[in-house]
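So the sequences go chain by chain: A and B. First residue of the first sequence: 15, per the working numbering; consecutive thereafter. First residue of the second sequence: 357, per the working numbering; consecutive thereafter. Virtual Cβ for every residue (Gly too), placed ideally from N, Cα, C. Nothing here was measured: the structure is a model prediction, and the numbers come from that model. What follows is a single structure, written as structure tokens, with notes after it.
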Amino acid sequence: MSNQTESLFVALSDSVVGMDEDLTRQLSIQAVDQGIDALSAIEHGLVEGMNRAGKLFETEEYFIPELLLCSDAMYAGLEILRPHLKHEENEVRRKVVIGVVEGDTHDIGKNLVKIMLEASGFEIVDLGRDIPPQRFVDEAIEVQASVIALSTLMTTTMDGMADVIQLLQKANLRDRFKVIVGGGPISQSFADRIGADGYASGAPAAVKLVKHLVGEAAR
Amino acid sequence: MSRDRLTPIERFAAYSRGEALDRLPCVPIVGNTAARVLGVKVSEFRGNGRLIADAQIAAYRRFGYDVIRIFTDLYTQAEAMGARVHYPEDETAYLAEPAISAAEQIASLRPANPCKDGNLPHHLEAMERAFQAVGKEVPVTGALTGPFTTASFLIGTENLARLTLKNPAAVHQLCEAAYQGALLYAGAILDTGCTPSLTDAMCSTTVISPKQFKEFGQPYLKRLVEFIHRRGRSVTLHICGKTAPIWDAMADTGADCLSIDNAADLQAAKSKVGQRVRLMGNVPPSEVMLQGTVAGVRESVRRCVRKAHDNPKGFIVASGCSLPVETPFSNIDAMLDAVREIGWPVDGDALERELPS
């Protein structure tokens with residue numbers, strides 16, 4: 015890797031951490047113009063920056079507003095770099111179906127998990143919020159997902175998480191997907207009780223959990 | 357209620373004077389669970405102040421706790437300013453759509469008229485009825501959502517989060533509009549005889565930084581607390597989630613009591629701000645109160661009491677946040693019973709021996 019390329023990666027990473035959407039876009043265009051490998055620019059630049067932001071979030075130097083602006087910068091860069099990925103690089107990413115369960119519209123936690131998983135290379139199918147249990151199952155089958163990620167902030171909707179698992183069992187599909195749960199009222203003991211594969215207390219923990227469950231990197 | 361020697365009002369008064377009590381004050385924060393006591397659906401509370409009052413009074417009589425809080429959800433004020441709220445048939449309401457979607461629309465927002473807009477008049481009716489019925493024996497409070505949290509419901513949480521960094525002036529404009537609405541509502545709550553009880557969920561450091569709380573949350577809360585103090589009442593401030601880095605700033609609002617979520621540690625709160633404010637908390641509402649056993653509730657109560665019973669400004673045993681609707685009655689009873697069992701004076705050494713840190 016040339017020094018010039020390396021310093022561009024550092025600049026990309028810094029512009030994500032610095033929440034600078036415009037600069038990230040400019041640097042991404044520069045990378046394309048210089049013929050730099052798009053996958054490397056994403057991984058060593060944008061994703062590296064988002065991972066640094068995630069660490070700052072974990073250590074409570076960054077909070078939700080900062081993390082959102084970092085992700086805006088990352089997505090701005092991805093929009094430019096992704097069309098330049100080689101075909102096979104784009105196709106083999108593992109998929110995670112994610113959403114907020116029916117009866118709840120709090121989606122910031124879900125969105126943070128989505129951002130950090132995306133930064134880790136997973137392909138995310140975001141169903142949004144207020145999602146009936148059956149839709150998680152249908153979508154996971156449809157897109158051949160590896161993981162179903164369920165989020166809620168409200169105790170009234172926790173049963174919907176158990177419903178997803180029961181629907182999978184009834185359809186003899188439980189082994190095909192890893193199911194993870196998270197959100198304010200959720201705990202490891204709740205996850206164990208409903209038979210989920212895992213619980214994460216926050217977005218960075220969710221990334222570790224998913225990587226652990228699928229047993230390999232996203233690509 | 358022959359179970360306890362003192363009424364809640366007598367208990368608080370004696371506690372403040374440093375006199376002997378029968379037990380520590382105890383507040384399982386009952387919101388829509390009150391519907392279960394009367395056997396009605398949560399959605400029946402909508403637009404029905406009499407029913408909210410009847411249910412809250414029945415719940416208070418059923419469990420014998422120390423504060424009635426007229427509360428169904430946090431959206432009441434935002435709804436009265438244009439946010440759309442969805443009411444499931446038998447569960448707590450949730451936000452369907454914010455009132456506006458962009459900073460340019462903030463100027464179009466008007467503070468709600470408490471006598472007219474949304475469900476505010478019905479909540480005020482509930483407060484008035486409850487206060488008239490039992491206000492002489494138990495403090496009756498009316499839930500008042502903090503301006504920053506209402507702002508998040510008015511423009512959408514992610515929108516607001518981004519604006520705190522990109523356009524702070526717009527956030528202040530929005531918080532000011534929410535504040536003006538809250539101020540009118542606080543005045544109307546006080547007119548019913550009740551005391552406003554402040555909740556500012558989005559101010560948590562789970563969401564924003566301590567710096568942002570000091571800029572966008574605290575100033576508006578401080579003005580509300582000052583207003584309520586001028587009317588001769590003391591104020592409780594609840595912020596959900598993590599709050600340790602902002603305890604000082606929360607106390608700086610002038611609030612008399614801080615309600616601490618179970619995501620934060622009572623002992624640490626006591627060391628940090630116990631000389632300045634009363635504390636309440638923090639039995640986990642979901643893991644212990646909703647899903648736990650009677651024995652688990654007892655243990656959790658004893659843990660809280662061990663940590664905070666000697667708080668210089670006093671301590672109220674409470675749930676860390678509002679209780680989930682389906683919290684078993686047996687667990688709410690267990691919470692009160694555990695406090696009665698500990699009794700008065702609290703034997704801190706015994707609790708210390710029983711539950712090693």
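Cβ pair residue i, residue j closer than 8 Å
| i | j | result |
| --- | --- | --- |
| L476 (chain B) | A507 (chain B) | no |
| L465 (chain B) | A533 (chain B) | yes |
| P454 (chain B) | I385 (chain B) | no |
| A241 (chain A) | V110 (chain A) | Nothing can be reported for residue 241 (chain A), as the shown portion of chain A is limited to 15 through 233. |
| G63 (chain A) | L37 (chain A) | no |
| S553 (chain B) | T497 (chain B) | yes |
| G117 (chain A) | P701 (chain B) | no |
| A67 (chain A) | Y76 (chain A) | yes |
| A735 (chain B) | G405 (chain B) | The structure shown does not extend to residue 735 (chain B), since chain B is modelled only from 357 through 713, so no value can be given for it. |
| L635 (chain B) | F671 (chain B) | yes |
| G164 (chain A) | V139 (chain A) | Inspection of the sequence shows that residue 164 (chain A) is occupied by Leu rather than by Gly. No; because the gap between Cβ atoms is not below 8 Å, this pair is not in contact. |
| V657 (chain B) | I78 (chain A) | no |
Within-8 Å CB hit, residue i to chain E
| i | result |
| --- | --- |
| T119 (chain A) | The question asks about chain E, but that chain is absent: this structure's protein chains are A and B. |
From the options, residue whose alpha carbon lies closest to that of residue i
| i | options | result |
| --- | --- | --- |
| M172 (chain A) | A:I94, A:F204 and A:E35 | A:F204 |
| K628 (chain B) | B:A390, B:L614 and B:A619 | B:L614 |
| G630 (chain B) | B:N618, B:A611, B:G648 and B:V490 | B:A611 |
| T501 (chain B) | B:P566, B:I426 and B:P364 | B:I426 |
| C596 (chain B) | B:A619, B:T609 and B:L580 | B:A619 |
| E571 (chain B) | B:L521, B:F583 and B:T555 | B:L521 |
| A557 (chain B) | B:R586, B:V581, B:F583 and B:F509 | B:F509 |
| P470 (chain B) | B:T548, B:K578 and B:Q412 | B:T548 |
| G123 (chain A) | A:D189, A:M168, A:R39 and A:P97 | A:M168 |
| H585 (chain B) | B:L546, B:A414 and B:T555 | B:L546 |
| H479 (chain B) | B:T505, B:Q536, B:E400 and B:Y421 | B:E400 |
| Q44 (chain A) | A:M33, A:G59, A:V31 and A:V161 | A:G59 |
| R418 (chain B) | B:A690, B:R709, B:E710 and B:G699 | B:A690 |
| T448 (chain B) | B:V650, B:Q647, B:R402 and B:Q623 | B:R402 |
| V423 (chain B) | B:G491, B:I408, B:I462 and B:D429 | B:G491 |
| D604 (chain B) | B:F583, B:L646 and B:R632 | B:R632 |
Burial state of residue i, where buried means 16 or more other Cβ atoms lie within 10 Å
| i | result |
| --- | --- |
| T513 (chain B) | buried |
| S358 (chain B) | With a pLDDT of only 46 at S358 (chain B), under the threshold of 50, the placement of this residue in the model should not be trusted; the figure read from the coordinates follows. With fewer than 16 Cβ atoms within 10 Å of its Cβ, S358 (chain B) is classed as exposed. |
| Q488 (chain B) | exposed |
| S686 (chain B) | exposed |
| K472 (chain B) | exposed |
| G229 (chain A) | exposed |
| S134 (chain A) | buried |
| S16 (chain A) | exposed |
| Q183 (chain A) | exposed |
| T592 (chain B) | buried |
| A55 (chain A) | buried |
| E460 (chain B) | exposed |
| H528 (chain B) | buried |
Simplified DSSP assignment, three categories, for residue i
| i | result |
| --- | --- |
| T19 (chain A) | helix |
| S358 (chain B) | Confidence at S358 (chain B) is low in this model, with a pLDDT of 46, below 50, so its placement is unreliable and the value that follows should be read with caution. Residue state, collapsed to three classes: coil. |
| I698 (chain B) | helix |
| I616 (chain B) | strand |
| Y535 (chain B) | helix |
| F136 (chain A) | coil |
| S201 (chain A) | coil |
| R379 (chain B) | coil |
| L187 (chain A) | coil |
| A45 (chain A) | helix |
| F572 (chain B) | helix |
| K598 (chain B) | coil |
| E366 (chain B) | helix |
| H442 (chain B) | strand |
| Y89 (chain A) | helix |
| F509 (chain B) | helix |
| E453 (chain B) | strand |
Extent of the continuous beta strand (DSSP E) to which residue i belongs
| i | result |
| --- | --- |
| P470 (chain B) | No beta strand (DSSP E) holds P470 (chain B); DSSP gives it neither H nor E. |
| M636 (chain B) | R634 to V639 |
| L553 (chain B) | Per the sequence presented here, residue 553 (chain B) reads as Ser, with Leu not at that position. It spans T551 to T555 - the beta strand (DSSP E) in which S553 (chain B) sits, taken as one unbroken run. |
| H594 (chain B) | T592 to I595 |
Alpha helix (DSSP H) segment containing residue i, residue limits
| i | result |
| --- | --- |
| E447 (chain B) | Run containing E447 (chain B): none; DSSP gives neither H nor E here. |
| A499 (chain B) | Note, A499 (chain B): premise wrong, no alpha helix (DSSP H); beta strand (DSSP E) at V496 to T501. |
| R149 (chain A) | P147 to V157 |
| A414 (chain B) | G405 to F419 |
| K628 (chain B) | L622 to V629 |
| L521 (chain B) | T513 to K522 |
| L223 (chain A) | A217 to V228 |
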